[in-house]
Amino acid sequence: MKDFFYAIQELFEGFLFIPFKALAKLELENWWAANIVSWILAIIGLGFFIYWMLQLRKFDKNNEEDKSITSHSYL
1 MKDFFYAIQE LFEGFLFIPF KALAKLELEN WWAANIVSWI LAIIGLGFFI YWMLQLRKFD
61 KNNEEDKSIT SHSYL
């Protein structure tokens, strides 16, 4: 069982955290480059959020969502 948890540790430390380690190393070398990467990722996330909100608005205007009230009888 102990080996299982060590395997999970190796997976995260050896493979999955490589981009975060690279970004931390980049910050020590060039602060501006690290922040530009962060801003690019934030802008991409904001773009996806805006797209999702526009899709929700489109479905809301088409009345495609089931808005019937279903609750418990005690309410």
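Take 1 as the starting number for the sequence shown in my numbering and just add one per residue.
Just so it is clear, CB atoms sit at the ideal spot from N, CA and C, and this is done for glycine as well.
Source: prediction; values computed, not measured.
Quick one: grab the DSSP three-state call for residue i.
i	result
Phe17	coil
Ile69	coil
Met1	coil
Asn62	coil
Asn30	coil
Among the residues of its own chain, which have a CB less than 8 angstroms from the CB of residue i, if the five just before and after it don't count?
i	result
Leu26	Ala33, Ala34, Val37
Apart from the five residues on each side of it in sequence, which residues of its chain come closer than 7 angstroms, Cβ to Cβ, to residue i?
i	result
Leu46	none
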